[in-house]
Every structure is written in structure tokens, then in C-alpha cells.
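**Student:** Start counting the sequence shown at 1; every next residue gets the next number (the numbering used here). Note that the Cβ used here is the ideal one computed from N, Cα and C, for glycine as well.
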Amino acid sequence: MPSFKVSLLDYGAGNVRSVRNAILANGYEIEDITDPAQIAQAKAIIFPGVGSFGSAMRVLQEKGFDGPLRTYLSAHDRPFLGICLGMQTLFESSDEHEDGRPAIPGLGVIPGKVIKFDSTKIAVPHIGWNGRIVHQESPVLRYVADDEDTYFVHSFYAPVIEENKEWILTTTTYGDQPFVSAIQRGSVVATQFHPEKSGSTGLKVLQGFLEVRIAESLDADIKTETKLTKRVVVALDVRSNDHGDLVVTKGDQYDVRENHKEGVVEGRGGVRNLGKPVSLARRYYQEGADEIAFLNITSFRQGVIEDMPMLQVLEEASKNIFVPLTVGGGIRSYTEPISGRTWSALEVASRYFRAGADKVSMGSDAVHAAEAYVASGGTKTGTTSIEMISRVYGVQAVVVSIDPKRVYIKSKEEVDSKHVVVELGDDQLGPTGERLCWYQCTVKGGREARNICAVTVCKACEALGAGEIMLNCIDMDGQCNGFDLSLMRAVSRAVSIPVIASSGAGTPGHFTDVFSKTNVQAALAAGMFHRREVEIEDVKAAMHAHGTATRKSS
Ligand code: 1PR
């Protein structure tokens, strides 16, 4: 049993539950730093930065943590692990400011300024599993093989410059941009990637850190490149069945009821039950899923805060699933019918982040926000859920999940000129041979169609501060005929944030298709994995054989 407790610097801005769980999984106890005086006494500090650089530094200053931290870090001989923003705050400054507030300098331990990736060249944020080039012999990485990927999610990065070379432990390449992905000097370590979200690889990094010894620092020497892998995401559509049990279900074009007579409700079959959310998610983590999404598909019927089971699902799942968890369904402002108490979308999201979610995904609310944004000629009010949540938790924490369906047309003139019309492939023609369609957005789980197209919604949501698009397609959902490549192409060309292709996967080849024929960064499947028709390792093997970068599951 380790002889010391790990001191966790949790300044209350987001999900540090996973970091806690990862420390516990390594067999260490945790002590929270709530008073600046604890910093000097700490045996090892872990600082998981969450939110934006400006807000993190402001909170550190307000709580009086910044001075003691600088002292703790100054001799490089006290164990410290900064994670993500916790690494960036070690630099002198950042281009990431809080809206309307003056720039705040960083802790200034490492020379250099943190800057933003160029979204005209690559999708921003950099989200997903990528490798690293090791520049120092370090005990922190002693249990990790060179080809094991780790999970990144960030829009800003620390460039490699002459002045910080002696700090560099690893670098990583995104597009053709190398950046600092980990630093170490003595016992001070920090990673741009998230060990707590990097599966068993991340747990081994934590283990290495907690056993840290002083490493020799070497000059950085950039030799080669790493590659962001394409992610395989599993979605669990969750709802109560007719007996009130929370189950993972799966629809055909969003209809989740069996067609047979057993358990008939209102003349229709019962809700398909494909398993329990937490145990199924655990299975997918162990089998190598790069990310897991829980979608509460009936949340429009009830408030999410009343929906305690989903919060419990997140709490349980995050105990031993160390890859990113997204939760969607009902992320919007909400008034409780009996008490009249109103929850803002930000408060709802905060509950989920505290329960263990890394990202929240918004469906209906995002479509309504996009409609208002377009109607106002592109004015941001600062009050939409997307804006409020991304301001506090960062754009990378805000996913927009939309549910479009095709509207076939014979010619562009038939349709409002504001809709983006897409040409269909020969195998995708409409019922009477239509070669064109527009993708109409829906809300309430596909029940209500809106007069706005998917491309417009995605562009508007990006402008409002969404960091990623989960792009479903009702026509393809559950059909196992492959992703809607026309839709994926149209949206991934129109936005510069990452797109997750969803709906329709039935074979490993569907993944290699969508990755080779469109610019999406991730692809999601549900039914084929739930029914065990295809295993995650089959998908990854096909991607590997096809030359698509994929994370080796460790
Ligand atoms: O509108 O913010 O409350 O969010 C509701 C969320 O629930 C949205 O993300 C919406 O997509 C989802 N949702 C609502 N109703 C359904 C339904 O199926 N009846 N599920 C639903 C959407 C889409 C994917 C599905 C893929 C892959 N499901 O999650 O898993 O299509 O399936 P496949 O691989 O089997 O083809 P809000």
C-alpha cells in the first residue's frame, strides 16, 4: 500500500471524477487541496485543468493557489502532474482568454506561449487518440510501449521552441503541426493528453508518475511524426422499458419497439432490450472502444434532473471506464413541474460533468439555437446552452448530436434556397429515382421536423461554440447498409470541428468506407455491436489493414 496520499488540485470547474477514479484504480488514496497551505505539505500533486486557460488562472488566483504552486514547482523536485490545461497553465501565457476579460499570465514555469491550432488546415479541437515521440528516458513512461496511443482533446497547444526544449518529454503531431504533448523536468511532469481517459495506457502513465524519480533532461530532437487515429465510438441509446427498467435499446429508423406481439403496448411491441447500460459500456471499454456515448433517448418527456438513473449510470460507468464518456438527451434548461424550480442548461450539464461525463451532447436544443442564430442574421446572444456550457467547460466538452432525415427532390428549384442540396450516389437514389436531397433536421428524437437543414445547423452550432458534431441520419439508422456518405461529406466539408459519423454501420468495411471517402474524424455504431454481429476488434483490424490509423487497444 502506498505510504502517501495524492493531493488533488480540484478547483471545481469540471469533471475530475475520472481523474479521481484513475488514482484510486492505481491503489492510492486522495486528499483534496482546499487551502493554499496544503500545497507546501503535499507529497504529490495532480492538477487536472478543466475549462479555459483564462478561467483556470483566474480561479487559481482567487483561491490563492498560484503563489504556493509556483513555489512548489520552482525546484522541480516535488512530484507534480498537470493534465491538459494543467500542463498549459505551466507556460507563460496563452491566446485562450475569457470573453471580455483581460488576459491573465500563466504560472510561467516553462518558457513559451500556448496558441491555437490553425482551423483552416485541420479540424479544431484536436480530439482523439494520437501517439507521441519520446524525447527523454523517463520513469513516467516506463510501463508504456512506444506505439500505445493516448487521448487528447484541446484546441490550444504549446509549440516546440528552442527555449522549452529541455522540458520536453514527448511531442505529438496533429496534421503537420508538432506540439508539446508531455513535459518533465525533475519531478514536475505534465501531459497534454488525458491519462485518465487513455484506457490502460493512461493508468500506466499515472502509475509511472506516482513512482516518479528524477529524470535526466535531454535536448529535444524532433525525428518523426505521430498520427491522430480515427475513433471507433459506441453509442448506447438508453431509456426505460415498459417495466420501468433502464435498458440499452436500439431502433430501426428511431423506432425502438419490437414488432412482435409479446409485451404489447398500445398495439405495438415492447421496447427492445439489448442489455444494461453500465455493464454493456464496461464490455465495450474492455473490448477497445475509443469512446462511449450514452444517449437518453426519451429525455424530452421528462427533466434530466429528475432522471437520476442516468446520473447514476455515469457515476458507475466512470468508476472503471477510462475512455471519454459523452452523455446526451435533455441537456437544456428545464423547470420542474411540481416545485417550479428552474435549472439552466449549464446547471444540467454541470450535474452530468460532476457525475463523470467528459462531454455533453445536445440535440433538440441545438437545433432551436441554430434556428434563432440564423434568423437573427448570425447574432450570438451568449445565452444559448451551447454558448453557456462551452464558455465554462470549453468547446471540446460540447457535442451537437443531430437527427436529420432525407427530403428527396428532383431539382434544386423545388426547395428553399437556404437549404444545402446534396447530390446522392447511384446506390442512394430516392424512391422515384431522385438524385438530390436536402437533410431536414428534426427534434424530439425524430418526431418533429424543422425547416432547417443539417449543414446549416452544424455551421451555426460551430459558430455558437460546439466542439464536435455527432451526425446521425434517420434513414440509415439501424439499417446496417453503411453510413450516409453524402451527408457525412457535406457536413465535414462545411465545418472545421470534428465530425462523428453515425447511423447505418453493419460491417467493418462501412468504417473503412466512411474514413476513406469523407473527412470525418470518428465513426459510431450501436446495433451491430450490441447484437454481437461485429466486434470492435474486427473493425479495428479492418481499419489497420486499410491503412487507417487506429488505436491499438491495450
Ligand atoms: O434532443 O437533446 O434531448 O437529445 C436526444 C438524443 O437522443 C439525441 O442525441 C438523439 O439523437 C437521440 N435519440 C432520440 N430518439 C432516438 C431514437 O432512436 N428513437 N437515438 C435517439 C438516436 C442515434 C444513434 C444511434 C445511431 C447508430 N440514436 O445514437 O445509436 O444511429 O445506430 P446503428 O449503428 O445501429 O445504425 P435531445
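Answer with buried or exposed for A44, where buried requires no fewer than 16 other C-beta atoms within 10 angstroms of its C-beta.
**Tutor:** By one-based count along the sequence shown, residue 44 stands at place 44. Per the 10 Å Cβ criterion, buried.
**Student:** Assuming contact is defined by CB atoms lying nearer than 8 angstroms, are A370 and A460 in contact in what I supplied?
**Tutor:** For the purposes of this step, residue 370 is taken as the residue at position 370 of the sequence shown. For the purposes of this step, residue 460 is taken as the residue at position 460 of the sequence shown. Yes; because the gap between Cβ atoms is below 8 angstroms, this pair is in contact.
**Student:** If you compare alpha carbons, which of E414, T432, L436, G430 is closest to E423?
**Tutor:** In the sequence shown, the residue the question calls residue 423 occupies position 423. Nearest option by C-alpha distance: L436.
**Student:** Using only CA atoms, which one of H126, S7, D95 lies nearest to P559?
**Tutor:** The structure shown does not extend to residue 559, since the chain is modelled only from 1 through 554, so no value can be given for it.
**Student:** Work out the CA separation of E468 and V271 for me, nearest whole Å.
**Tutor:** The count along the sequence shown starts at 1 and reaches residue 271 at position 271. The count along the sequence shown starts at 1 and reaches residue 468 at position 468. Whole-angstrom Cα-Cα distance: 30 angstroms.
**Student:** Where do the ends of the alpha helix (DSSP H) carrying F511 lie?
**Tutor:** Position 511 of the sequence shown, counted from the first residue, corresponds to residue 511. F511 -> alpha helix (DSSP H) spans 508 to 517.
**Student:** What three-state label does DSSP hand G382 in the structure shown?
**Tutor:** Here residue 382 refers to the residue found at position 382 of the sequence shown. The answer is coil: DSSP assigns G382 none of H, G, I, E or B.
**Student:** Once the 5 residues before and after H555 are set aside, which same chain residues still bring their CB inside 6 angstroms of it?
**Tutor:** This structure gives no information on residue 555, because the portion of the chain shown stretches from 1 to 554.
**Student:** What does the alpha-carbon distance come out to for the pair V16 and I33?
**Tutor:** Looking up residue 16 in the sequence shown gives position 16. Looking up residue 33 in the sequence shown gives position 33. One C-alpha to the other measures close to 13 angstroms.
**Student:** Going by the C-beta, is Y254 closer than 7 angstroms to any heavy atom of ligand 1?
**Tutor:** Position 254 of the sequence shown, counting from 1, holds the residue named residue 254. True, at least one ligand heavy atom lies under 7 angstroms from that Cβ.
**Student:** Considering K113, what are the terminal residues of the alpha helix (DSSP H) in which it resides?
**Tutor:** The residue you call residue 113 lines up with position 113 of the sequence shown. Careful: K113 lies outside any alpha helix (DSSP H), inside the beta strand (DSSP E) at 110 to 116.
**Student:** I297 and A281: beta carbons closer than 8 angstroms?
**Tutor:** Your numbering for residue 297 matches position 297 in the sequence shown. Your numbering for residue 281 matches position 281 in the sequence shown. No; because the gap between Cβ atoms is not below 8 angstroms, this pair is not in contact.
**Student:** Could you tell me which of F294, L107, E196 sits nearest to I23, measuring between CA atoms?
**Tutor:** To locate residue 23, count along the sequence shown from 1; it is residue 23. The option with the nearest alpha carbon to I23 is E196.
**Student:** Hey, how far is the Cα of E163 from the Cα of V360?
**Tutor:** Translated into the one-based positions of the sequence shown, residue 163 becomes position 163. Translated into the one-based positions of the sequence shown, residue 360 becomes position 360. Roughly 38 angstroms separates the two Cα atoms.
**Student:** Kindly indicate which three-state DSSP category S155 falls into: helix, strand or coil?
**Tutor:** By 1-based counting over the sequence shown, the position of residue 155 is 155. Here S155 sits in coil by DSSP.
**Student:** Between the alpha carbons of Y151 and S181, how many angstroms are there, rounded?
**Tutor:** Against the sequence shown, residue 151 aligns to sequence position 151. Against the sequence shown, residue 181 aligns to sequence position 181. If I take the Cα positions, the gap works out to 11 angstroms.
**Student:** Check whether the segment 318 to 325 and the segment 339 to 346 are in contact - that is, three or more C-beta pairs closer than 8 angstroms.
**Tutor:** no
**Student:** Give a yes or no on contact between the segment 225 to 234 and the segment 159 to 177, applying the rule of three or more CB pairs nearer than 8 angstroms.
**Tutor:** Contact between the segment 225 to 234 and the segment 159 to 177 is present, because at least three Cβ pairs lie under 8 angstroms.
**Student:** Confirm, please, whether the CB-CB distance from V247 to K276 is below 8 angstroms.
**Tutor:** Here residue 276 refers to the residue found at position 276 of the sequence shown. Here residue 247 refers to the residue found at position 247 of the sequence shown. Contact: yes.
**Student:** With a threshold of 7 angstroms, establish whether the CB of S364 neighbours any heavy atom of ligand 1.
**Tutor:** Counting from 1 along the sequence shown, the entry for residue 364 is found at position 364. For ligand 1, a non-hydrogen atom lies closer than 7 angstroms to the CB of S364.
**Student:** Does DSSP classify A345 as helix, strand or coil?
**Tutor:** Stepping through the sequence shown from its first residue, residue 345 is reached at position 345. A345 falls in the helix class under three-state DSSP.
**Student:** Since G82 sits in a beta bridge, which residues does DSSP pair it with?
**Tutor:** Here residue 82 corresponds to residue number 82 of the sequence shown, with the count starting at 1. Bridge partners of G82: F47, A190.
**Student:** Go ahead and pull the three-state DSSP assignment for H419.
**Tutor:** As a position in the sequence shown, residue 419 is number 419, starting the count at 1. Of the three classes helix, strand and coil, the one that applies to H419 here is coil, per DSSP.
**Student:** Just to confirm, are V398 and I409 a CB contact at a threshold of 8 angstroms?
**Tutor:** In the sequence shown, residue 398 corresponds to position 398, counting from 1. In the sequence shown, residue 409 corresponds to position 409, counting from 1. No; because the gap between Cβ atoms is not below 8 angstroms, this pair is not in contact.
**Student:** Quick check: what's the CA-CA separation for G328 versus G49?
**Tutor:** The residue you call residue 328 lines up with position 328 of the sequence shown. The residue you call residue 49 lines up with position 49 of the sequence shown. Straight-line Cα distance between these residues: approximately 23 angstroms.
**Student:** Closer than 6 angstroms by C-beta to F4: which residues in its own chain qualify, once you throw out the five before and the five after it? Chain order, please.
**Tutor:** If you number the sequence shown from 1, residue 4 lands on position 4. Here the set comprises K43.
**Student:** To the nearest angstrom, how far is the alpha carbon of P404 from that of G363?
**Tutor:** Here residue 404 refers to the residue found at position 404 of the sequence shown. Here residue 363 refers to the residue found at position 363 of the sequence shown. About 11 angstroms.
**Student:** Unbroken alpha helix (DSSP H) runs of length 4 or more, entirely within the segment 424 to 455: which are they?
**Tutor:** Counting whole runs of 4 or more residues, the segment 424 to 455 contains no alpha helix (DSSP H) stretch at all.
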